[in-house]
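Presented below is the structure to which this report refers.
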Ligand code: COA
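In my numbering, the protein residues as written are 2 to 310.
Spelled out as structure tokens, the structure:
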């Protein structure tokens, strides 16, 4: 069965930056509190899901050095589509000049890993070259008077081109989970704002990330000691710290960008992964563990063998 290999990537963040100091002029909070409780220092706000997706995808296509016409499928992970109908992937497909199947995936903050695993399935049944994007514009569904959520959420995008390989490819193990009975912990009605039981989400997040990561590693036949880099969902530094501590992965082997990005949902894992790759933190053969959690309550993880393009 064919596998997949990432041959190019790109990221995009809106220009407008909102610092913790900015937030403290808008609500009863402080830089000190936000930094200590979340690890976030600033976040980027603005743009649409389509515009950020197009920006990150253009960079991924340029890095891969490919003709966009050769892409035969687009999978866009987003929890914040620009419209209810059509899927935002249709807008992105058109703006990039692609002529291929295009669809959205919504698995909240686990979405990029879901999209990546789905792409792998498409490659296994004959797709040749896919564009996988994770983008969210959570600032549009954030209640900017609610200090329990406004300090966390932000906007961003990450994209990659994944090519079919004759061998099993980069993906060595994966796990996709959800528990819809917990949907009340984190939700937004259509047209409404995010509501969240932060404490309960925190408590569950650590457990389900650890559980999912262990399942993926077991499927790959690997242990945490094999993991060169863990790329967790960038929700809260304390969640990342607790999950990594529980797994036995030191923070030095973890990719973290949330001090700069906040929680960008679908974009969070690709922003952290491609930041690490851009900084030269990944060498051929390195084992990378992606692990996310989100509303629904979804969890997803994937074990990759890194290959530099
Ligand atoms: N600024 C200042 N004080 C704040 C505050 C803020 N932004 N938000 C809450 N507080 C106050 C509370 O009112 C409370 O005060 P009290 O003790 O006088 O009642 C105190 O700080 C502690 O609040 P608490 O809710 O217990 O804080 P916490 O340590 O649980 O941190 C979150 C709150 C939201 C940062 C944390 O629960 C969290 O990150 N949860 C996970 C959320 C998440 O990741 N969601 C996305 C999933 S994809």
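All C-beta atoms, glycine included, are put in the ideal place defined by N, C-alpha and C.
(request) Mark residue 284 as exposed unless 16 or more other C-beta atoms lie within 10 angstroms of its C-beta, in which case mark it buried. (result) Residue 284 is exposed by the Cβ-count criterion.
(message) Check whether the region 31-43 and the region 181-198 touch, using three or more Cβ-Cβ pairs below 8 Å as the test.
(response) No, they do not touch.
(message) Using a Cβ-Cβ cutoff of less than 6 Å, which residues in the same chain neighbour residue 158 once the five nearest sequence positions on both sides are dropped?
(response) So the list reads 13, 53, 54, 57, 136 and 268, once near-sequence residues are dropped.
(message) Which of the three DSSP states is assigned to residue 216 in this structure?
(response) Assignment of residue 216 by DSSP, reduced to helix, strand and coil, places it in the helix class.
(message) Using only CA atoms, which one of 10, 6, 2 and 3 lies nearest to residue 160?
(response) Residue 10 is the option with its Cα nearest to residue 160.
(request) Name the two residues that bound the continuous beta strand (DSSP E) containing residue 44. (result) Residues 43-45.
(request) Check each candidate in 113, 295 and 62 and name the one with the smallest Cα separation from residue 94. (result) Ranking 113, 295 and 62 by Cα distance to residue 94 puts 62 first.
(request) State yes or no: is the C-beta of residue 171 within less than 8 Å of the C-beta of residue 40? (result) No Cβ-Cβ contact shorter than 8 Å links residue 171 with residue 40.
(request) Determine, using beta carbons only, whether residue 228 and residue 254 come nearer to each other than 8 Å. (result) At the C-beta level, residue 228 and residue 254 come within 8 Å of one another.
(request) Find the nearest neighbour of residue 89 within the set 71, 104 and 174, judged by alpha-carbon distance. (result) Taking each of 71, 104 and 174 in turn and checking the Cα distance to residue 89, the smallest one comes out for 104.
(message) For residue 15, tell me which candidate among 244, 50 and 28 has the shortest Cα-Cα distance.
(response) Each of 244, 50 and 28 was checked against the Cα of residue 15, and the nearest Cα belongs to 50.
(message) For the ligand COA, I want to know if residue 202 counts as a neighbour, meaning its beta carbon is within less than 7 Å of at least one of the ligand's heavy atoms.
(response) At least one heavy atom of the ligand COA falls within 7 Å of the beta-carbon of residue 202.
(message) Since residue 178 and residue 209 should fall inside the 8 Å C-beta cutoff, what is the C-beta to C-beta distance between them, to a whole number of angstroms?
(response) Contact flag correct, Cβ pair sits at about 7 Å.
(message) What I want to know is whether the C-beta of residue 205 ends up closer than 7 Å to one or more non-hydrogen atoms of the ligand COA.
(response) Residue 205 has its Cβ no nearer than 7 Å to any heavy atom of the ligand COA.
(message) For residue 308 and residue 286, what's the separation of their Cα atoms in angstroms?
(response) Taking the straight line from one Cα to the other gives about 6 Å.
(request) Find out if the Cβ-Cβ distance for the pair residue 69, residue 102 is shorter than 8 Å. (result) Not a contact, by the Cβ cut-off of 8 Å.
(message) Nearer than 7 Å: is that true of the beta carbon of residue 295 relative to any heavy atom of the ligand SAM?
(response) No copy of the ligand SAM occurs in the structure displayed; its ligands are the ligand COA alone.
(request) Compute the minimum distance between the beta carbon of residue 21 and the heavy atoms of the ligand COA, and state whether it is under 7 Å. (result) For the ligand COA, not one heavy atom lies less than 7 Å from the Cβ of residue 21.
(request) Compare the C-alpha of residue 24 against each of 270, 272, 149 and 203 and name the closest. (result) For the options 270, 272, 149 and 203, the alpha carbon positioned closest to that of residue 24 is the one of 149.
(request) Grab me the residues of residue 299's own chain with a C-beta within less than 6 Å of its C-beta, minus the 5 sequence neighbours each way, in chain order. (result) Leaving aside the five residues that flank residue 299 on each side, the residues in its chain whose CB is nearer than 6 Å to its CB run, in chain order, 108, 109, 111 and 179.
(request) For residue 208, verify whether its CB is less than 7 Å away from any heavy atom of the ligand COA. (result) The answer is no for residue 208.
(request) Would you check whether the ligand COA has a heavy atom nearer than 7 Å to the C-beta of residue 197? (result) Within the cutoff, so yes.
(message) Between which two residues does the beta strand (DSSP E) holding residue 102 run?
(response) Element bounds for residue 102: 102-106.
(message) Quick check on this structure: which residue in 38, 306 and 293 has the alpha carbon closest to the alpha carbon of residue 116?
(response) It is 293.
(request) Tell me whether residue 120 is buried or exposed, calling it buried when 16 or more other Cβ atoms sit within 10 Å of its Cβ. (result) Buried, since its Cβ has 16 or more Cβ neighbours within 10 Å.
(message) Helix, strand or coil for residue 197? Go by DSSP, reduced to three states.
(response) Strand.
(message) Looking at residue 225: is its Cβ nearer than 8 Å to the Cβ of residue 249?
(response) Closer than 8 Å, so yes.
(request) Given a cut-off of 8 Å, decide if residue 76 and residue 174 are closer than it, judged by their beta-carbon atoms. (result) Residue 76 sits away from residue 174, with the two beta carbons spaced by 8 Å or more.
(request) Throw me the rounded Cβ distance for the residue 72 and residue 132 pair, which I believe falls under 8 Å. (result) Taking 8 Å as the upper bound for CB-CB distance, residue 72 and residue 132 are in contact here, some 5 Å apart.
(request) Give the DSSP-derived three-state secondary structure of residue 97 in the structure shown. (result) Residue 97 falls in the helix class under three-state DSSP.
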